[in-house]
Each structure stands twice: as C-alpha cells, then as structure tokens.
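Numbering (full-length UniProt numbering), first residue to last: 1 to 398.
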C-alpha cells in the first residue's frame, strides 16, 4: 500500500514540445510491505528513484519478472509491493515476458496455447501486470522476446553465419498476438531483436531479410494500437561466424568490435525502424560481456552508449533513447558503477534502464525457496516501509 506524504503546492511549468509535459516535483511517498523480501525489492526501487532525482534524470524498468511455480503466492506478493512502488514513482515498466515460450517456462506473462503460434493465454503474472497497467503519466506493458531466441546462450553454434531458422528457432509475434495483448490492456511492448541477425558483419550493411521481418512486426504493433521500444537484446558480445564455420566471439570495445560498431549499428537501424509505433530505442539490453571488467567496463560502456546516442541523433531521430547500466544494473545496485548520469543528449530524451528480479542475486533464476530468501535478508536489513521518489519527467510518451 502507498501512504502519500503531505502535498506540495503545484508549480506550473512551461515545457517545449520536445519533452513530455513536466508537472511539478512530487513529494516522496511511503510504500509499506509485509515481509523482508518485499522490503528488499521496494528498497531497490527507492535507491533507483533517488539516483534519478539526484541526477535530474528519468528511468525505465525494461524487465521485471517472477516465477509462477513453487512459492508463486509469495512471489506475487513481492510483485504487488514492487509495482505499487513503481506506481508511486511513475516508472514505465515492461514485464518479462510474453511470447512463444515453452509450456513449462515459469515467467511467461502471456503465451500461446500448447504448440500454438498466437500469444493468447494469460499466465498467473498477468493479473498483477494488468492491475498496474498504463496510467496518466507512464506506460506499462510486456517484453516480446521471441526475436532473441536461440542465440549463443542456448546454441553453441549460433553466429552471424548461423543465425537460426526463422519460424523454428526464433520468430516475431503474429498480428493476432498483438491484438490479444492490446485487448488485455497492454500499451507498450519491448520488442527484442538480435545484432548478429540484423547486421551479420560489424560495420557492414543490415540484412534486408531480417530488417523486413522487424518492420513487419512493427506494422503489426502499429495496427493493434501498441507502442514499441525496440530492444537490441544482447550483452555486448558478437558471435561472428558459427555453424560449420569457426565461431569468433567478439566483445564490445575489443579487437574487431570497437565501441563505434554499436554506434554504426544504430545509425543504420534507427533509419530502418521509422515506424510511428516505435517511441524508444533500447541501445543494448544488458552490457555485461565487454572487453573490460569492473570500473573499466563501466567507463567503456559509458563511451559506447554516448557514441550510439550521438550517431542516432545525427540521423535526425528525436525518439526516446533507453540506456542500460553496466553490471550490477539492478535497482538495488544502481549507481555503484555509474555514480552520475553520463549521457549528453541535446534533446534531453534519455531514460536510464534497469532490470528488476526479486531473488537474492537479482539474476532471475529463482533457485532458492522463498523461505531461504527470507532467511538471506539479514544485512542490510531493509525497513518494511520505504520512501520512494517520484520522477519529474517522462520521455516515453504517447
């Protein structure tokens, strides 16, 4: 539940048409929880929202997921508390995930009937997602992940020369799937695409075949009345070759894949993704596999992200840009690697993107029982009631 702090006097602000209207800095709000795992999750959002306010920045939660198998009732309680905090902050959120998941995948918010191709069945998580849907000031929705299936994480032979079979290893959702999501109240989808499939050679041309598939998916979203964040769903590595050929794994910032390679991709893809449904471009899902680690990796990512922002703006693109953080990038740890906001955007249309999972390490694996998770919340011990800081502006607009 949310307890509002005493209201402040309204201050009318004049803003340009380039920005979502800013109303006034809202006071902190108090979100109360009923156990320590819930409190830990809300404390993470409190940390993220405080960083945004200190840096005069705005944010986006690109992924939030929890399982519907063992201990489902308890994890759903955490999700309710977390979404209540996100509501109080005014954060746009896309839940993980909808798509053509296997029937036993425990975090599918929406999926097809067994062996079907149309997303048309809500999972248990959908009740929470729909209760905390789009409202005045912020957008809500889900991830569509099937465009990122069957990559190097699960297929050792994957690479730019072996991108997988479309319609078998990976796909983009059917028009009926988008219509179903719109009918459930989904307003925003974060659409996953893959770098190697779209640009088989760094600095080379985009694949006309794959671009056409992505553009068709964007048309389906537009026709259903949905808005899209186009998510380059990778981690900073690039699998060159693959299949019967030798695979070379390149890392962003290293030999063969300088940071300007990502900027080159976005310079090209921003032009191709000119569909009116696309309101945001997600530069890189989770930049965790770079050519450097630790603080050096964070600085490398800051440089790569700025170069990509500059390249996109040089095309004349004015859409919102979503910039993830280097690991650890979850809300509880946000700011450890990036003490200050670093992107310089002449349009001031950047949101910093974090991903939230409720297990002890934020990995989303949920290996432990809920009872074990409760025992693990020892130090620092979060307060059951947390102060969260509302954002003062939005860049994902409709």
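From the three backbone atoms N, C-alpha and C, an ideal C-beta is built for every residue, glycine too. Note that the structure is predicted; figures quoted are calculated from it, not measured.
Task: Contacting residues, own chain, Cβ-Cβ under 6 Å from residue 254 (five flanking each side not counted) - done: 291
Task: Alpha carbon of residue 60 to alpha carbon of residue 72, nearest angstrom - done: 25 Å
TODO: Would you check if there are 3 or more beta carbon pairs closer than 8 Å linking the stretch 356–364 to the stretch 382–397?
DONE: no
Open item on the list: Counting C-beta neighbours from all protein chains within 10 Å, is the total for residue 394 16 or more, i.e. buried, or is it exposed?
Closed with: buried
Task: Beta-bridge partners of residue 255, as assigned by DSSP - done: Beta-bridge pairing links residue 255 to no other residue.
Open item on the list: Need the endpoints of the alpha helix (DSSP H) that residue 302 sits in, please.
Closed with: 294–314
Task: Those runs of the beta strand (DSSP E) which lie wholly inside the stretch 128–203 and span at least 3 residues - done: 140–144, 188–193
TODO: Assess, as a yes-or-no matter, whether the stretch 197–210 is touched by the stretch 115–135 under the definition of 3 or more beta carbon pairs within less than 8 Å.
DONE: no
Open item on the list: Please classify residue 168 as buried or exposed, where buried requires at least 16 neighbouring CB atoms within 10 angstroms.
Closed with: exposed
Task: Length of the line joining the Cα atoms of residue 163 and residue 34 - done: 46 Å
Open item on the list: Using only the alpha-carbon positions, how far apart do residue 376 and residue 31 sit?
Closed with: 22 Å
TODO: Please name the residue, chosen from 277, 246, 273, 42, that lies closest to residue 225 on a Cα-to-Cα basis.
DONE: 277
Open item on the list: Between residue 242 and residue 161, how many whole angstroms is the CB-CB distance? I'm expecting something under 8 Å.
Closed with: 5 Å
Task: Collapsed DSSP secondary structure at residue 373 in the structure displayed - done: helix
TODO: Consult DSSP for residue 210 and reduce its assignment to one of helix, strand or coil.
DONE: helix
Task: For residue 165 and residue 433, the rounded distance between their alpha carbons - done: Here the chain comprises residues numbered 1 to 398, so residue 433 is not present and cannot be evaluated.
Open item on the list: If distances are taken between C-alpha atoms only, which option among 227, 333, 346 comes closest to residue 398?
Closed with: 227
- [ ] Report yes or no: do three or more beta-carbon pairs, one from the stretch 129–143 and one from the stretch 173–180, lie closer than 8 Å?
- [x] no
TODO: Please classify residue 233: is it buried, with 16 or more other beta-carbons within 10 angstroms of its beta-carbon, or exposed?
DONE: buried
TODO: Mind reading off the beta-carbon distance from residue 206 to residue 107? Whole number of angstroms is fine, and I expect it under 8 Å.
DONE: Rounded, the Cβ-Cβ distance is 31 Å, inconsistent with contact.
TODO: Could you tell me whether the Cβ atoms of residue 306 and residue 344 are closer together than 9 Å?
DONE: yes
- [ ] Can you have a look at residue 42 and say buried or exposed, based on whether 16 or more other CB atoms are within 10 angstroms of its CB?
- [x] buried
TODO: Provide the residue span of the alpha helix (DSSP H) that contains residue 391, from first to last.
DONE: Per DSSP, residue 391 belongs to no alpha helix (DSSP H) and is neither H nor E.
Open item on the list: Let's see if you can read the secondary structure: which residues bound the beta strand (DSSP E) around residue 366?
Closed with: Counting along the chain, residue 366 falls outside any beta strand (DSSP E), and DSSP gives it neither H nor E.
Task: Host alpha helix (DSSP H) of residue 44 (start-end) - done: 36–54
TODO: For residue 77, I'd like the list of residues in its chain whose CB is within less than 8 Å of its CB, leaving aside the five on either flank, ordered along the chain.
DONE: 34, 35, 38
Open item on the list: Spatial neighbours of residue 251 within its chain, please: C-beta separation below 7 Å, excluding the five flanking residues on both sides.
Closed with: 236, 237, 257, 289, 290, 291
TODO: Can you give me the Cβ contacts of residue 264 inside the same chain, cut-off strictly under 6 Å, excluding the 5 residues immediately before and after it?
DONE: 203
TODO: Identify whether residue 347 lies in helix, strand or coil by the three-state DSSP scheme.
DONE: coil
Open item on the list: Suppose contacts are defined by Cβ-Cβ distances below 9 Å. Is residue 143 in contact with residue 94 by that definition?
Closed with: yes
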